[in-house]
């Protein structure tokens with residue numbers, strides 16, 4: 001595993017631990033945490049805090065037949081399984097389960113300038129997509145109306161703030177206008193989630209925006 | 215949190231199921247965070263179970279979860295159900311669920327606990343932590359009708375029960391975290407509780423109270439820093 005330099009923020013991890021993060025952002029969090037032991041540990045701590053909050057939130061009697069009803073539920077169903085670590089491929093299991101496979105299961109659509117994307121199916125609040133940026137190419141200069149989270153899965157990109165390599169996640173908000181450029185080397189593949197459409201600073205991508213849904 | 219919650223780990227054990235003549239409701243005894251006293255209702259008779267917590271090699275509730283995993287032990291399950299069920303239901307109601315919805319969801323949570331007993335790892339989560347995570351996920355699934363993608367599991371070692379020493383350390387650390395939470399100034403504790411009850415979308419609170427976003431974020435961070443400090447990192 002490479003050295004991860006850019007992690008999720010406390011607020012995002014907290015929102016994920018409390019279950020208040022959208023599905024689109026949660027997929028980026030789950031994928032990053034699959035690659036990052038630091039954030040996994042922090043999340044475990046936040047889950048423990050959730051357990052403590054739950055255990056001190058009082059108690060309410062269950063229905064009289066609740067135990068019998070639960071045993072009946074158990075009789076209906078079988079064992080659950082965990083998300084085992086991936087055996088092959090470059091994508092962690094949570095992402096693979098959205099795609100039904102690894103890189104070869106991605107149905108890329110061209111966005112322009114060699115950049116390709118695939119929008120993943122989520123509950124419709126915000127959006128999450130895979131982005132393919134050929135080495136040396138850039139995503140047009142843009143700002144954000146809300147939050148944008150970009151996780152690198154292959155290659156690396158740079159923008160005005162820093163360099164982001166495999167496992168790194170960039171969290172951008174309204175204050176950041178940036179032009180991510182894929183580094184030379186392997187083409188860059190990212191998982192990016194937003195809660196609002198991006199705001200392009202030049203005319204051409206702005207015109208294309210309704211068609212490519214960035 | 216009651217003060218005696220923090221000093222409750224003195225309960226003695228005689229390993230017996232005793233009939234309890236009082237009409238104490240299920241699981242309301244404030245001092246039972248680690249299972250010294252739990253009241254369970256089976257049929258119309260209430261029993262008070264005094265669990266063995268003097269066994270220093272086994273964190274609370276682990277024996278019950280293992281008994282469910284290995285022997286589909288319904289009595290062990292009844293003890294867990296009596297202890298955690300009412301708390302899961304209260305938690306879901308505090309998080310905004312109507313009583314009947316919270317009831318249905320709690321039953322699903324407890325059924326999931328049974329089905330996932332083979333995945334419980336006490337060196338990584340206390341029973342309360344684990345059950346919280348099941349409850350949160352059920353809530354998103356059943357009440358919010360959405361999904362919460364989960365990280366992949368860590369690579370599995372040989373299929374053996376984890377080192378009891380590690381599990382105990384984790385339980386102690388979790389207890390410390392609970393104490394640190396109880397010791398926080400009320401404002402900060404309230405904020406953290408509201409975050410877990412789902413009342414705390416940063417932007418929503420900013421809209422409703424007129425508080426600037428940064429204040430909430432930094433208060434949460436401050437509370438987390440204090441917790442970390444109390445935990446010794």
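Protein chains in written order, with the numbering used here: chain A, 1 to 214; chain B, 215 to 447. Yeah, the Cβ is synthetic: ideal placement off N, Cα and C, and Gly gets one too. Model, not experiment: these values are computed from the prediction.
- Query: What residue from B:348, B:317, B:307 has the CA that sits closest to residue 326 of chain B's CA?
  - Reply: B:348
- With 7 Å as the C-beta to C-beta threshold (strictly closer), list the residues of the segment 158-169 of chain A near chain B in chain order. none
- Message: In the DSSP output, what is residue 145 of chain A paired with across the bridge?
- Response: None, per the DSSP bridge assignment.
- Proximal residues of chain A, C-beta to C-beta of residue 400 of chain B below 9 Å: Near residue 400 of chain B there are no residues of chain A at all, since even the closest Cβ is about 13 Å away, more than 9 Å.
- Query: Skipping 5 residues on each side, what residues in its chain have a beta carbon closer than 7 Å to that of residue 109 of chain A?
  - Reply: 116, 117, 118
- Query: Which of the residues in the segment 269-284 of chain B, read from start to end, lie with their CB under 9 Å from any CB of chain C?
  - Reply: Reference to chain C is not applicable here, since the protein chains of this structure are A and B.
- Item | Sequence ranges, beta strand (DSSP E) only - wholly within the segment 326-355 of chain B, length at least 3 | none
- Could you work out which residues of chain A lie near residue 307 of chain B, taking near to mean beta carbons separated by less than 8 Å? 60
- Task: Closer than 8 Å by C-beta to residue 91 of chain A: which residues in its own chain qualify, once you throw out the five before and the five after it? Chain order, please.
- Result: 31, 99, 102, 103, 153
- Query: Anyone know if the C-beta pair for residue 48 of chain A and residue 391 of chain B falls short of 8 Å?
  - Reply: yes
- Item | Outcome for residue 125 of chain A when other beta-carbon atoms lying within 10 angstroms are tallied against a minimum of 16 | exposed
- Determine the chain B residues that contact residue 189 of chain A at a beta-carbon separation under 7 Å, and present them in chain order. In chain order: nothing, as chain B lies at least about 18 Å away.
- Mapping DSSP to helix, strand and coil, what is residue 20 of chain A? coil
- Pair every Cβ in the segment 144-151 of chain A with every Cβ in the segment 170-177 of chain A, then say whether three or more of these pairs are closer than 8 Å. yes
- Close beta carbons around residue 344 of chain B, own chain, < 7 Å, minus the five adjacent residues each side: 334
- Kindly indicate which three-state DSSP category residue 319 of chain B falls into: helix, strand or coil? helix
- Task: Apply the 10 Å Cβ neighbour rule to residue 443 of chain B and answer buried if 16 or more other Cβ atoms are within range, or exposed otherwise.
- Result: exposed
- Query: Listing by chain order, which chain A residues have their CB less than 9 Å from the CB of residue 310 of chain B?
  - Reply: Per Cβ cutoff of 9 Å: no residues; residue 310 of chain B is ~12 Å from chain A at best.
- How long is the line joining the alpha carbons of residue 15 of chain A and residue 352 of chain B, rounded to whole angstroms? 16 Å
- Indicate whether at least one CB of chain B lies closer than 8 Å to the CB of residue 176 of chain A. no
- Task: For the beta strand (DSSP E) holding residue 133 of chain A, just list the boundary residues, first then last.
- Result: 127-133
- Query: What residues in the segment 115-140 of chain A bring their beta carbon closer than 7 Å to a beta carbon of chain B?
  - Reply: 123
- Message: Using DSSP's beta-bridge definition, name the partner residues of residue 109 of chain A.
- Response: A:117
- Message: For residue 40 of chain A, would you say it is in contact with chain B, using Cβ-to-Cβ distances shorter than 8 Å as the test?
- Response: yes
- Quick one: is residue 103 of chain A near chain B, going by C-beta distance under 8 Å? no
- Establish whether the CB of residue 388 of chain B and some CB of chain A are separated by less than 8 Å. yes
- If we count Cβ pairs, one from each stretch, closer than 8 Å, do we get three or more for the segment 396-415 of chain B versus the segment 66-75 of chain A? no
- Beta-bridge pairing of residue 192 of chain A - partner residues as DSSP gives them: A:129, A:150
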